[in-house]
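Participant: Heads up: the sequence shown at position 21 corresponds to 21 in UniProt numbering, and the numbers run straight through without jumps. My structure is below; once you've seen it, I'll send some questions.
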Amino acid sequence: VKGLAHITGGGLLENIPRILPGGCSVEIDTGSWRVPALFDLLQERGGVERAEMFRVFNMGVGMIFIIPEGEAPRLEACDLRWKPFRIGAVVEGGKEVVLK
1 VKGLAHITGG
11 GLLENIPRIL
21 PGGCSVEIDT
31 GSWRVPALFD
41 LLQERGGVER
51 AEMFRVFNMG
61 VGMIFIIPEG
71 EAPRLEACDL
81 RWKPFRIGAV
91 VEGGKEVVLK
């Protein structure tokens, strides 16, 4: 494991950069998991912009593991309470999270 972040206050946009080394950013595929309907309701009824939702809430992602790409099968084979899934990749950059 290269990095681990519990996604709490600050959502994905503020928690992930804390565990990135210099020269790295993360690209997140926001369509790679099902966002719980509660967040859609909050966004719609509150008139909250998409980026703000990802800055404030975890959007259904409670924990981020950053692992070498080839190690994914080992993590998936672990007896975890929740099934892990890939939501993005580490790329070159300035410690930011890019939502795609």
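C-beta atoms are modelled at their ideal positions from N, C-alpha and C, and glycine is treated no differently. Since we're looking at a predicted model, the values are computed, not measured.
Helix, strand or coil: which one does DSSP assign to Gly-60?
Facilitator: The residue you call residue 60 lines up with position 60 of the sequence shown. Gly-60: coil per DSSP, three-state reduction.
Participant: Hey, is the segment 37-44 in contact with the segment 61-75, meaning 3+ C-beta pairs nearer than 8 Å?
Facilitator: The segment 37-44 makes no contact with the segment 61-75, as fewer than three CB pairs between them are under 8 Å.
Participant: Using a Cβ-Cβ cut-off of 7 Å (strictly less than) and excluding sequence neighbours within five positions of Glu-27, which residues of its own chain qualify?
Facilitator: Position 27 of the sequence shown holds residue 27. Hits under 7 Å: Gly-88, Ala-89, Val-91, Val-98 and Lys-100.
Participant: Taking the continuous alpha helix (DSSP H) assigned at Glu-49, which residues delimit it?
Facilitator: Counted from its first residue, the sequence shown places residue 49 at position 49. Here Glu-49 belongs to no alpha helix (DSSP H), and DSSP marks it neither H nor E.
Participant: Answer yes or no: does any C-beta atom of chain B fall closer than 8 Å to that of Ala-51?
Facilitator: The structure shown contains no chain B; it holds only a single protein chain.
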